[in-house]
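In our numbering, the protein residues as written are 373 to 698. Heads up, the beta-carbon is just placed ideally off N, CA and C, and yes, glycines get one too. Every value quoted in this text rests on a predicted model; they were computed, and no experiment measured them. Working notes for the structure below.
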Amino acid sequence: MSRRPTIGILTSGGDCPGLNAVIRAATKSAIRLGYDVVGFLKGYEGLVDPVSYMPLDAQNTAGILLQGGTILGSTNKGRFTSLVGEGERVRIDPELLAQASATVQQFGLAGLICVGGDGSLGIAQQLYEHGIPVVGVPKTIDNDLSCTAFTFGFDSAVATATDALDRLHTTAASHERVMVLEVMGRHAGWIALHAGIAGGGDVILLPEIAWTFEHVCRKVVERDREGKNFTLIVVAEGAHLPDGGLVHAGNAGQGQVKLGGIGELVGCEVAARLGREVRTVVLGHLQRGGTPTPFDRMLATEFGAYATRLVHEGQFGEMVCYRPPD
Numbered sequence: 373m374s375r376r377p378t379i380g381i382l383t384s385g386g387d388c389p390g391l392n393a394v395i396r397a398a399t400k401s402a403i404r405l406g407y408d409v410v411g412f413l414k415g416y417e418g419l420v421d422p423v424s425y426m427p428l429d430a431q432n433t434a435g436i437l438l439q440g441g442t443i444l445g446s447t448n449k450g451r452f453t454s455l456v457g458e459g460e461r462v463r464i465d466p467e468l469l470a471q472a473s474a475t476v477q478q479f480g481l482a483g484l485i486c487v488g489g490d491g492s493l494g495i496a497q498q499l500y501e502h503g504i505p506v507v508g509v510p511k512t513i514d515n516d517l518s519c520t521a522f523t524f525g526f527d528s529a530v531a532t533a534t535d536a537l538d539r540l541h542t543t544a545a546s547h548e549r550v551m552v553l554e555v556m557g558r559h560a561g562w563i564a565l566h567a568g569i570a571g572g573g574d575v576i577l578l579p580e581i582a583w584t585f586e587h588v589c590r591k592v593v594e595r596d597r598e599g600k601n602f603t604l605i606v607v608a609e610g611a612h613l614p615d616g617g618l619v620h621a622g623n624a625g626q627g628q629v630k631l632g633g634i635g636e637l638v639g640c641e642v643a644a645r646l647g648r649e650v651r652t653v654v655l656g657h658l659q660r661g662g663t664p665t666p667f668d669r670m671l672a673t674e675f676g677a678y679a680t681r682l683v684h685e686g687q688f689g690e691m692v693c694y695r696p697p698d
């Protein structure tokens, strides 16, 4: 399509703050290195029939640094689906891989930058194994990808959850209530842990650590005895019940279950056992939306610029990452 070498970019999976910062930085860096840039719409779906894309340049990426979401759109449904979690993998239809490869050849792509989480990067790996020159950029609010200390989107999600705890703190104290805040975190409790500490949570329940209702109630009683007649409980949606099970909110499709409801269950147990007034708040997609924090803008910008550098140097099958100095 273009006489100049071209770099492609797509955003896949759940959205998070910082995606547009990656797109902007990758585009600016690519132009500086002499490339044209094309963005494929709605994740990997944009690579296959009907192919959907938009040229990216300095004009249409200006001003998007501070915008949440992604100007390219995204999806975690559709024909390209990969289960998330350790050891989980779904083979992509070979016909889809062939169509994606044909699109890459049609556009004469020097490389394809794929921005996504564990499921989306698993798809990127299959594209690479099919001969497509891929570079990965890690993205998830859960901060649960290996090889990188932080993923962009995480800091923004923690900031949102911490702000919620700050607000719940005042109303809990005023009414002497137990407040339960349920946050995202399917397999990892990073958001609950960081926000819980930063927001002064009294009980933090994580997927990685076993707990019992007795432990939770004991903490509430302990605070009552100390004259602190309110308690803040933070729980990750993927926190396992004492019997090892998970609380499901329904079917998310594509073989995945939708987690949710653990916060309400914890609240009901505390109310029933202690006779306390309890309120539960599910933060939900507020954690994914809105303006990225300065840290996420910086990290996403560095990721985007370096992903372009990897394409320029022909280092495919690699993922950019953040490793702080020891």
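- When secondary structure is reduced to three states using DSSP, tyrosine 425 falls in the strand class.
- Distance from the Cα of leucine 391 is smallest, within the candidate group Gln687, Thr673 and Arg681, for Thr673.
- Of Asp535, Leu613 and His657, the smallest CA-CA separation from alanine 582 is found for Leu613.
- Taking 8 Å as the cut-off, the Cβ atoms of alanine 567 and valine 530 count as close.
- No Cβ-Cβ contact shorter than 8 Å links alanine 393 with glycine 661.
- Comparing C-alpha distances from alanine 544 to each of Ile504, Met670, Val653 and Gly415 shows the shortest one belongs to Val653.
- Per DSSP, the beta bridge partners of proline 510 are Gly488.
- Contact check for cysteine 486 against leucine 413 fails: the beta carbons are separated by 8 Å or more.
- Excluding five sequence positions before and after phenylalanine 479, the CB atoms of its chain that fall closer than 7 Å to its own CB belong to Met373, Thr378, Gly380 and Val410, given in chain order.
- Secondary-structure assignment with DSSP links isoleucine 563 through no beta bridge to anything.
- Between leucine 553 and glycine 635, the CB-CB gap stays under 8 Å.
- Pairing valine 555 with glutamine 659 gives a Cβ-Cβ distance under 8 Å.
- Here the alpha carbons of leucine 655 and isoleucine 605 stand approximately 13 Å from one another.
- Taking C-beta atoms under 8 Å as the contact rule, leucine 618 and glycine 573 fail to qualify, at a distance of about 21 Å.
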